[in-house]
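Input: a single structure, listed below in structure tokens.
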Amino acid sequence: MISRDVTVTRFGGLHARVAARVVEIAKRHHFQVRVSYEDSPKADASSIMQLLLLGAEQGKAISIEAEGDDEGQAVDAIADYFEGGLGI
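The numbering used here applies: residue 4 is where the sequence shown begins, and numbers increase by one.
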């Protein structure tokens, strides 16, 4: 298992448009990708509802983790999305 922490930089936090893009990235991989935030239960990164229910706020850190073949690619792709300005 590999894990990486990133900061949510987008105004409004992990909102619907950002969550939808994370889901799109996560679904490209054939194994479990999870996102966690503070004390919330881990969310399946392929579920927009679970991601939104995290309530991750701007300026806060989230943890992205994956387990399986090429797990680093999934974690890096999602982390790069956050660190790259969220495509904006």
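Ideal Cβ positions, reconstructed from N, Cα and C, are used throughout, including at glycine.
Predicted, not measured: the structure shown is a model, and the values here were computed from it.
- For the 8 Å CB-CB criterion, GLU60 and MET4 do not form a contact.
- Per DSSP, ASP8 is not a residue of any alpha helix (DSSP H); the beta strand (DSSP E) it occupies stretches across 5–10.
- DSSP places ARG13 outside both helix and strand once states are collapsed to three, so it counts as coil.
- DSSP places ASP42 in the coil class of the three-state scheme, outside both helix and strand.
- GLU86 sits in a helix when the DSSP states are folded into three classes.
- Taking C-beta atoms as the reference points, LYS30 and ARG37 fail to come closer than 8 Å.
- Beta-bridge analysis with DSSP links ALA64 to THR10.
- Across the set VAL25, GLY87, GLU41 and LYS63, the C-alpha of VAL25 shows the shortest separation from the C-alpha of SER49.
- Taken atom to atom, the span from the alpha-carbon of ALA64 to that of GLU27 is near 21 Å.
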